[in-house]
DNA sequence: AGCAAATACTTCAAGGCTGTTATATTCATG
DNA sequence: CATGAATATAACAGCCTTGAAGTATTTGCT
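Chains as they are written, first to last, in this note's numbering: chain W, 1 to 151; chain C, 152 to 302.
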């Protein structure tokens, strides 16, 4: 009971810094590999991933809320995916404002391949985390972010 | 022993996604508060933090390796900090290529205030993570990123 | 001394991201 | 139908980030 003068808040800052550092380290490595080996980017992968999960495509605002990024951002990313013929914009019946973003067949295949590669990379980068501890880590992070406003 | 068909690699992907999601959630909130309440940004805070820790200022390349960002990047951030009078560039004796980046008095005070605020915010955002679990989380994340190439 | 390599830094292009503002379309209401 | 609110998207400015290319300066080698 001597030390522990570093209050809980300082310890939490340490934890946050560690989370951030870890995320950046891995993200940086993945970004680099996406760029040099797949000629793509993480944000593009995220968009394609969301589209792949949805059956009939997504509208712009659905994309931007699914990815939690701002609207103007999605426009630019989708622009580039359209250029690369991985994605297409379709009209929405009954609402001429909206448009549906869908993966093209090429987009589907490309995404499937990228997803496989991505899984291998993550497995490699987290290889030192024993499989038995993964669950524990997930639990702690869940704790950290769950708002307990189920009052 | 029935399930567990989801191979370890898929679990690691889940862990990675969770790390990323957590980091982004908190980072987004902090960025937003830095912008609206302190009229600053996370990268600027990082630079000032590194300068504050160093006794006599840092050279540009020291900054960029401390923060693990590219050189061209630091130039831009320091430019803006200089404009805001939070930081100054000093000549280095004996090496006219280099320059020492130092916090101004205003920079010191501003950083101290921002650091206090930052600590409160992090403590608030991670409030649901019991203080007793923080150490465990740090350990797991250390495990995840430590390369064991001490062969 | 002279000259090439290494070092310190800046500049630039491209992309990603945000928040704000503008434009087009739809919908509800009088 | 006209008006105004709400919604969907685009356009814009600003910052951060990277990687590559360019400028100065220093250092090391001959």
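Glycine residues also receive a C-beta, built at the ideal position from the N, C-alpha and C atoms.
Query raised in the report: Pairing CB atoms from the region 119 to 128 of chain W with CB atoms from the region 156 to 165 of chain C, are three or more of them under 8 Å?
Result: The region 119 to 128 of chain W vs the region 156 to 165 of chain C: in contact.
Requested in this report: Kindly examine the ligand GDP and report whether one of its heavy atoms sits closer than 8 Å to the Cβ of residue 66/W.
Outcome: Among the components of this structure there are no ligands whatsoever, and the ligand GDP is therefore not found.
Query - Residues within the region 242 to 276 of chain C neighbouring chain W, beta-carbon criterion of under 8 Å - result: Going along the region 242 to 276 of chain C in chain order, one finds 269, 270, 271, 273, 274, 276 with a Cβ nearer than 8 Å to chain W.
Query raised in the report: When you compare only the Cα positions, how much space is there between residue 236/C and residue 248/C?
Result: In the second chain, the residue the question calls residue 236/C occupies position 85. In the second chain, the residue the question calls residue 248/C occupies position 97. Taking the straight line from one Cα to the other gives about 22 Å.
Query raised in the report: If we call anything under 9 Å between Cβ atoms a contact, is residue 103/W one with residue 52/W?
Result: For the purposes of this step, residue 103/W is taken as residue 103 along the first chain, with counting starting at 1. For the purposes of this step, residue 52/W is taken as residue 52 along the first chain, with counting starting at 1. Yes, the pair counts as a contact, with Cβ atoms nearer than the cut-off.
Requested in this report: Please name the residue or residues paired with residue 238/C in a DSSP beta bridge.
Outcome: Reading the second chain from its first residue, position 87 is the one you call residue 238/C. Under DSSP, residue 238/C shares a beta bridge with 254/C.
Requested in this report: Using a Cβ-Cβ cut-off of less than 9 Å, list which residues of the region 162 to 187 of chain C approach chain W; keep chain order.
Outcome: Here the close residues are 162, 163, 164, 165, 166, 167, 168, 169, 170, 171, 172, 173, 174, 175, 176, 177, 178, 179, 181.
Query raised in the report: Below 9 Å between beta carbons: does that hold for residue 173/C and residue 25/W?
Result: If you number the second chain from 1, residue 173/C lands on position 22. If you number the first chain from 1, residue 25/W lands on position 25. No, they are not a contact pair.
Query raised in the report: Helix, strand or coil: which one does DSSP assign to residue 140/W?
Result: Sequence index remark: in the first chain, residue 140/W carries index 140 (1-based). Helix at residue 140/W.
Query - Contact with chain W by residue 286/C, beta-carbon distance below 9 Å - result: For this step, residue 286/C is matched to residue 135 along the second chain. Taking Cβ atoms only, chain W reaches closer than 9 Å to residue 286/C, which makes this a yes.
Query raised in the report: Applying a beta-carbon distance threshold of less than 8 Å, which residues of chain W neighbour residue 224/C?
Result: The count along the second chain starts at 1 and reaches residue 224/C at position 73. Contacts between residue 224/C and chain W, judged by CB atoms closer than 8 Å, are missing: the closest CB pair is about 13 Å apart.
Report task. Please report how far the alpha carbon of residue 206/W lies from the alpha carbon of residue 164/C, in whole angstroms. Result -> This structure gives no information on residue 206/W, because the portion of chain W shown stretches from 1 to 151.
Report task. Determine the chain C residues that contact residue 67/W at a beta-carbon separation under 7 Å, and present them in chain order. Result -> As a working note, residue 67/W is residue 67 in the first chain. At a beta-carbon threshold of 7 Å, none of the residues of chain C lie near residue 67/W; the nearest stands roughly 10 Å away.
Query raised in the report: At least one CB of chain W closer than 9 Å to the CB of residue 159/C: is that the case?
Result: Residue mapping note: residue 159/C aligns to position 8 of the second chain, counting from 1. Cβ-Cβ to chain W under 9 Å: yes for residue 159/C.
Report task. Check residue 176/C in the structure and name its three-state DSSP category. Result -> On the second chain, position 25 is the one that residue 176/C refers to. The answer is helix: DSSP assigns residue 176/C an H, G or I state.
Report task. Could you name the residues of chain W that residue 192/C contacts, counting a contact when the two beta carbons are closer than 8 Å? Result -> The sequence position of residue 192/C within the second chain is 41, counting from 1. Those within 8 Å of residue 192/C in chain W number zero; the least Cβ separation is about 15 Å.
Query - From 222/C, 179/C, 186/C, 184/C, residue whose alpha carbon lies closest to that of residue 67/W - result: As a working note, residue 67/W is residue 67 in the first chain. It is 179/C.
Requested in this report: Answer with yes or no whether the minimum CB distance from residue 84/W to chain C is below 9 Å.
Outcome: One-based indexing of the first chain puts residue 84/W at position 84. So, not an interface residue.
Requested in this report: Output, in chain order, the set of chain C residues within a Cβ distance shorter than 8 Å of residue 143/W.
Outcome: Within the first chain, the letter at position 143 stands for residue 143/W. Chain C residues near residue 143/W: 279, 280, 281, 284.
Query raised in the report: Rounded to a whole number of angstroms, what is the C-alpha to C-alpha distance between residue 209/C and residue 228/C?
Result: Residue 209/C sits at position 58 when you count from the first residue of the second chain. Residue 228/C sits at position 77 when you count from the first residue of the second chain. C-alpha separation (whole angstroms): 14 Å.
Query - Top-ranked residue by Cα proximity to residue 182/C, from 290/C, 293/C, 276/C, 238/C - result: Within the second chain, numbered from 1, the residue matching residue 182/C stands at position 31. The residue with the shortest Cα to Cα distance from residue 182/C is 276/C.
Query raised in the report: Along chain W, in chain order, which residues have C-beta atoms closer than 8 Å to that of residue 291/C?
Result: Residue 291/C sits at position 140 when you count from the first residue of the second chain. Residues of chain W passing the Cβ test: 129, 133, 136, 137, 140.
**Report entry** Assigned secondary structure, residue 58/W (DSSP; H/G/I helix, E/B strand, else coil)
**Finding:** Taking the first chain and counting its residues from 1, the one referred to as residue 58/W is at position 58. Residue 58/W sits in a strand when the DSSP states are folded into three classes.
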